[in-house]
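Numbering (full-length UniProt numbering), first residue to last: 1 to 157.
Here's what the structure looks like:
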């Protein structure tokens, strides 16, 4: 689902790095876990990043649901990428803290994680992420979480 379908009232943020989109793509595709899971970038705008994870046997748990570890990793990465869109050049992002609620079993042909910046600070950025399972034009809310991201100098991406 495109970014505008669920979140039509996204806050407007000004990126401090004019090359933020390239930075997000480079950072994302360097992540071995995201490659291993088969995740991909769906959308990038300042303060918001959507990621997609096609369902596969490699990301399921013993009952056939998509594993909470996969959905949580996707949410963390979406939130981190959303924060990074607003960081200055020459900095990187690390997660300081997060709390997630697993709302429903993770089902769907694809899982979408929507990372959104709530408040961008000089050092700390607070983000939220929601994860949805999508199948046959229906959506199930799987996870919601709150994330604290740290802007780290001299750590590109």
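Note that beta-carbon positions come from the ideal geometry of N, C-alpha and C, so glycine has one too.
**OP:** For my contact list, residue 66 and residue 104 are in at a C-beta cut-off of 8 Å; report their separation, rounded to the angstrom.
**Re:** For the purposes of this step, residue 66 is identified with residue 66 of the chain shown, where counting begins at 1. For the purposes of this step, residue 104 is identified with residue 104 of the chain shown, where counting begins at 1. Actually they do not touch by this definition, with Cβ atoms about 11 Å apart.
Original post:
DSSP state of residue 145, grouped into three classes?
Top reply: Taking the first residue of the chain shown as position 1, residue 145 is located at position 145. Assignment of residue 145 by DSSP, reduced to helix, strand and coil, places it in the strand class.
Original post:
Out of curiosity, what's the CA-to-CA distance linking residue 2 and residue 92?
Top reply: In the chain shown, counting from the first residue as 1, residue 2 sits at position 2. In the chain shown, counting from the first residue as 1, residue 92 sits at position 92. In this prediction, residue 2 scores a pLDDT of 48, lower than 50, which makes its location untrustworthy; the coordinate-derived value is nonetheless stated afterwards. The alpha-carbon atoms of residue 2 and residue 92 are separated by roughly 26 Å.
Subject >> Nearest neighbour of residue 127, chosen from 109, 150, 64, 138 [CA to CA] >> reply: Taking the first residue of the chain shown as position 1, residue 127 is located at position 127. For residue 127, the nearest C-alpha among the options comes from 150.
**OP:** Going by CA-CA distance only, name the one from 97, 64, 36, 18 that's closest to residue 145.
**Re:** Sequence index remark: in the chain shown, residue 145 carries index 145 (1-based). Selected option, being the one with the closest Cα: 97.
Original post:
For residue 49, does the three-state DSSP call read helix, strand or coil?
Top reply: By 1-based counting over the chain shown, the position of residue 49 is 49. Strand.
**OP:** For residue 5, I'd like the list of residues in its chain whose CB is within less than 8 Å of its CB, leaving aside the five on either flank, ordered along the chain.
**Re:** To locate residue 5, count along the chain shown from 1; it is residue 5. Low local confidence applies: a pLDDT of 45 at residue 5 is under 50, so the model's placement there is unreliable, with the coordinate-based value given in what follows. Around residue 5: no qualifying Cβ.
Subject >> Residue environment, residue 29, which counts as buried when at least 16 other CB atoms sit within 10 Å >> reply: As a first step, residue 29 must be located in the chain shown, where it is residue number 29. Counting other Cβ atoms within 10 Å of its Cβ, residue 29 stays below 16 and is therefore classed as exposed.
**OP:** Write down the C-beta distance between residue 110 and residue 82 rounded to the nearest angstrom, noting that I regard them as a contact closer than 8 Å.
**Re:** For the purposes of this step, residue 110 is identified with residue 110 of the chain shown, where counting begins at 1. For the purposes of this step, residue 82 is identified with residue 82 of the chain shown, where counting begins at 1. That belief does not hold up - the Cβ atoms of residue 110 and residue 82 are roughly 19 Å apart, past 8 Å.
Original post:
Are there 16 or more other CB atoms within 10 angstroms of the CB of residue 155, so buried, or fewer, so exposed?
Top reply: For the purposes of this step, residue 155 is taken as the residue at position 155 of the chain shown. Residue 155 should be labelled exposed.
Original post:
Of the choices 32, 24, 20, whose alpha-carbon is the least far from that of residue 78?
Top reply: To locate residue 78, count along the chain shown from 1; it is residue 78. Checking every option, the nearest Cα to that of residue 78 belongs to 24.
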